[in-house]
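All remarks here apply to the structure that follows.
Chains as they are written, first to last, in UniProt numbering: chain A, 1 to 301; chain B, 1 to 301.
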């Protein structure tokens, strides 16, 4: 799993900072999370192939998380994309995008599917053999969801030495990976745990932005490997965090601690702060393992 | 008059090029013309004060001319703008912008006026004491207008030496500037042409993008000082210009020549061409005085 931060600053795009967007590479899929203005240029800058992005998850309809989406969809069209594109986001997103395409007389040559969300309970929005994605209902000024991305490693790993020792034919390998015991030609039953190793741990990544401090998300993100949690303000501006329904660095660290997250990635900094190290300093009074997101940063998860 | 090119490339924003947007400084006003994605960052980059932009002219609703508008309007809001903002553009633009603001639960603290256009005849869209702006109906795949910006220098210039010689009091200066003759205390009538000079020439700028080759605009732009005319393609791709309703370099030069323009500024280059000098070479076979637009270029008019 690899996370590439395309932008992680709040509010307005500037020459030196970009609004929220990130790419999660998980099980050879590229998931785009949020899409502020300028995201398509950031994707080009970081040499992320447009054709590898088939799923886009939008947290909420504030401009700094979503104004780059219509341009990206249009560019996909101009580049003669053929792959289906799936967009997950708040109810209303489909009409906003389609109205703009219609006004420009444009129609995508690829299939464009919108998965509109309106539940305030966590729900599965994507699932295939290798990955599952659930919403994390957040509390912000408008309807907002974070997303929990989780690997599915249900298959056990073959113990090559053991299967060779027992002379087991390759046609049984799938059965072993699925946890099955094997009966040899002489009738001996060989238990699965002699033929395979436990699956790799199922890693997980939770994206939580934008939100006020909210403990109701804890059961959903419990034990997550990496938690990205917004920290728009420092405690000195806690009153602004309250008023605008954002989180302080200390509050983000408290969520990470209470959720037993392994690592906290901080971001969505207000552009009023010149030095983002201050966020780390404040959060480390509560939680140790902290990474500061920054535009262009690649984080191995 | 000064023109700052924020972006002048067709279709998709890239790391090295920006979609259409330019700022015309005329009689101490800043007019923003078109607003592709990323325009607000380009404005910051070129240190153009947001508060000086009170009028935005949008040619048409293709993304590369307009997807940056909602973000700019939102940023004005976040920066607590107080001045009125006027947006001129095709019918439908108001709903597209307001729907997005509404979805984000945002309301501008400043007055936001939309002047929606639907006429296919040239019409005056802005006029004050110093500047007049008219539409230039263009022919493109969707409803499109260029804009003609013209100085109004109706006032004559005071001949200081002469008014001092005749001992004329300052309260008569406005009358002289407006062309009036003066009767001295001894009853002598002094003709205005002895007291003032002709006004400065009224300079003009025509913005024409996007359009197919279209001679019906000639009477509107006749004698214009500076003509910005799109030249998306070279003649080798004339079939694409036809198909997509754009113009070749040679065609743009032909329009400039037939309109008796003094200078032609070329832009809206397709990103397929590596070297924009080719546009100048092709156009100079028809018309001499050519400036190639390029992102960040400042052109004194």
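Quick reminder that beta carbons are idealized off the backbone N, C-alpha and C, glycines included.
| Asked | Found |
| --- | --- |
| Pairwise C-alpha distance: residue 24(B) and residue 70(B) | 20 angstroms |
| Through-space distance from residue 43(A) to residue 14(B), alpha-carbon basis | 10 angstroms |
| Interface residues of the stretch 73-96 of chain A facing chain B [CB-CB below 7 angstroms] | 74, 75, 78, 92 and 96 |
| Which listed residue (10(B), 54(B), 132(B) and 255(B)) has its alpha carbon closest to that of residue 203(B) | 132(B) |
| Where residue 45(A) meets chain B, residues with beta-carbon distance less than 7 angstroms | 15 |
| Neighbouring residues, chain B, relative to residue 63(A) (Cβ below 7 angstroms) | 70, 71, 74 and 104 |
| Chain A residues whose Cβ lies nearer than 7 angstroms to that of residue 41(B) | 13, 14, 15 and 38 |
| Same chain, Cβ closer than 8 angstroms to residue 54(B), five either side skipped, listed in chain order | 29, 30, 83, 84, 85 and 86 |
| Residues near residue 125(A) in its chain [Cβ-Cβ closer than 8 angstroms; skip 5 each side] | 57, 88, 115, 117, 133, 134, 135 and 147 |
| Own chain residues within Cβ distance below 7 angstroms of residue 67(B), not counting five before or after | 36 and 37 |
| 7 angstroms Cβ cutoff, residue 269(B) in contact with chain A | no |
| Neighbour flag for residue 141(A) against chain B, beta carbons, 7 angstroms | yes |
| Buried or exposed (CB count within 10 angstroms, at least 16 for buried), residue 282(A) | buried |
| Delimiting residues of the alpha helix (DSSP H) encompassing residue 42(B) | 39-45 |
| Where residue 185(A) falls: helix, strand or coil (DSSP) | coil |
| Option nearest residue 12(A) by Cα separation, candidates 76(B), 207(B), 104(B) and 20(B) | 76(B) |
| Identity of the residues DSSP links to residue 145(B) by a beta bridge | 137(B) |
| Start and end residues, beta strand (DSSP E) containing residue 290(A) | 290-292 |
| Backbone CA spacing between residue 207(B) and residue 219(B) [nearest angstrom] | 15 angstroms |
| Interface flag, residue 67(B) vs chain A, CB-CB below 7 angstroms | yes |
| Every unbroken beta strand (DSSP E) inside the stretch 68-156 of chain B [3 residues or more] | 85-90, 112-117, 124-127, 131-138 and 144-151 |
| Euclidean distance between Cα positions of residue 46(A) and residue 296(A) | 7 angstroms |
| Span of the alpha helix (DSSP H), counted from its first residue to its last, around residue 254(B) | 249-258 |
| Among 60(A), 63(A), 65(A) and 72(A), nearest to residue 63(B) - alpha-carbon criterion | 72(A) |
| Buried or exposed (CB count within 10 angstroms, at least 16 for buried), residue 201(A) | exposed |
| Contacting residues, own chain, Cβ-Cβ under 7 angstroms from residue 158(B) (five flanking each side not counted) | 173, 176, 177 and 196 |
| Closest by C-alpha distance to residue 32(B), when choosing among 101(B), 4(B) and 145(B) | 4(B) |
| Beta bridge counterpart(s) of residue 266(A) as assigned by DSSP | 229(A) and 292(A) |
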